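Here the sequence shown stands for residues 22 to 147, numbered as in my numbering.
See below for the structure under consideration.
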Amino acid sequence: MTDLILTKTRMTDGVWNGVLTGHVGDTALRLVLTHHGDVCPGPTVTVLADGTWAVAAPVPAARLADGVQTFIISDAASDTVLASFAFLTGDALAEDIRAEMDLLRDELDMLKRAFRRHCAETSSDD
Numbered sequence: 022m023t024d025l026i027l028t029k030t031r032m033t034d035g036v037w038n039g040v041l042t043g044h045v046g047d048t049a050l051r052l053v054l055t056h057h058g059d060v061c062p063g064p065t066v067t068v069l070a071d072g073t074w075a076v077a078a079p080v081p082a083a084r085l086a087d088g089v090q091t092f093i094i095s096d097a098a099s100d101t102v103l104a105s106f107a108f109l110t111g112d113a114l115a116e117d118i119r120a121e122m123d124l125l126r127d128e129l130d131m132l133k134r135a136f137r138r139h140c141a142e143t144s145s146d147d
């Protein structure tokens, strides 16, 4: 399988937009948008003339609040993180490290779920 690369093109009108490369086939990938481990209404994926895929992920307004709000776009089949973005709102934040820590927490939660699923699948093979 080719490596998937999701590159941000812009963020406008509350929608994160990007271009996905590395996907071969006529069927769009199923991508998942998560916020603090919760699945949000999914991104749309449409094929472009050059064989790449346009991705549009609307950011749910209800998910925006004071502090750092981190969103992750991943491949539903493999749980591979393809992109992430964060909103920083409210009182001035002391350091950007808070956004990085929030992202690391979300990615760690995803890794734990994948590891538990892997352990369950391999233990049932015995």
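The beta-carbon is built from N, C-alpha and C at its ideal position, and this holds for glycine as well.
Being a predicted model, the structure only gives us computed values, none of them experimental.
Short Cβ contact (9 Å threshold) for residue i with residue j
| i | j | result |
| --- | --- | --- |
| residue 132 | residue 97 | no |
| residue 93 | residue 143 | no |
| residue 39 | residue 104 | yes |
| residue 89 | residue 119 | yes |
Pairwise C-alpha distance: residue j and residue i
| i | j | result |
| --- | --- | --- |
| residue 123 | residue 33 | 23 Å |
| residue 79 | residue 30 | 14 Å |
| residue 87 | residue 145 | 44 Å |
| residue 42 | residue 35 | 23 Å |
Three-state secondary structure (DSSP) of residue i
| i | result |
| --- | --- |
| residue 95 | strand |
| residue 71 | coil |
| residue 50 | coil |
| residue 42 | strand |
| residue 85 | coil |
| residue 143 | helix |
| residue 27 | strand |
| residue 100 | coil |
| residue 127 | helix |
Exposure of residue i, with buried meaning 16 or more beta-carbon neighbours within 10 Å
| i | result |
| --- | --- |
| residue 99 | exposed |
| residue 129 | exposed |
| residue 127 | buried |
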